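Student: Please see the structure below; I have some questions.
In full-length UniProt numbering, the protein residues as written are 1 to 157.
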């Protein structure tokens, strides 16, 4: 319980820092789908609880696709082999009143090596859609339902 408190606090401080640095925040998430195993790639960060799609904030002077490519290499050792498909855009009101997240579907990729733990990523790997880790975040589960189970796309993260 104490560990979860500190993880949430770190996450909020991280978003506060971004808010000070750039008043409107914009992030990207990559839904890497292994169609053969009907699995998606998830990461568990060291600074926020739960399992998420890899991704992060778009830096000043960077396009959303550049940010996505950078984040995938950093968090998953995954390189894009072709253009990902922008599937949805969501208002993330839990982070701030000015945060939006673009969700890309990635089916053409190459993982250069298994992702090993580091200062940012505690664990990472592919998980079957029907056997996600218990701590998979509600937002991540909603995106999976929208993309693979035909659920309507929500406006909110």
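Every residue, glycine too, gets a C-beta built ideally from N, C-alpha and C. Note that the structure is a prediction, hence the values are computed from the model and not measured.
May I have the straight-line CA-CA distance separating residue 6 from residue 134, to the nearest angstrom?
Tutor: Going from the Cα of residue 6 to the Cα of residue 134 covers about 20 Å.
Student: Looking at the secondary structure, which residues open and close the beta strand (DSSP E) in which residue 144 lies?
Tutor: Not the beta strand (DSSP E): residue 144 falls in the alpha helix (DSSP H), residues 138 to 148.
Student: Since I believe residue 55 is in contact with residue 27 (beta carbons under 8 Å), could you give me their beta-carbon distance rounded to a whole number of angstroms?
Tutor: 6 Å
Student: When you compare each of 37, 152, 74 to residue 117 by their alpha carbons, which one comes out closest?
Tutor: 74
Student: In three-state DSSP terms, what is residue 81?
Tutor: coil
Student: Return the chain-ordered ranges of every alpha helix (DSSP H) run that is complete within the stretch 55 to 100 and spans a minimum of 4 residues.
Tutor: 64 to 76
Student: Residues bridged to residue 51 by DSSP?
Tutor: 44, 136
Student: For residue 30, does the three-state DSSP call read helix, strand or coil?
Tutor: strand
Student: When DSSP labels each residue in this structure, what does residue 16 get in the three-state scheme?
Tutor: helix
Student: Which stretch, first to last residue, makes up the beta strand (DSSP E) that contains residue 156?
Tutor: No beta strand (DSSP E) holds residue 156; DSSP gives it neither H nor E.
Student: Please report the distance separating the alpha-carbon of residue 84 from that of residue 107.
Tutor: Residue 84 and residue 107 have their C-alpha atoms spaced approximately 7 Å apart.
Student: Would you decide whether residue 67 is buried or exposed? Buried here means 16 or more other CB atoms lie within 10 Å of its CB.
Tutor: buried
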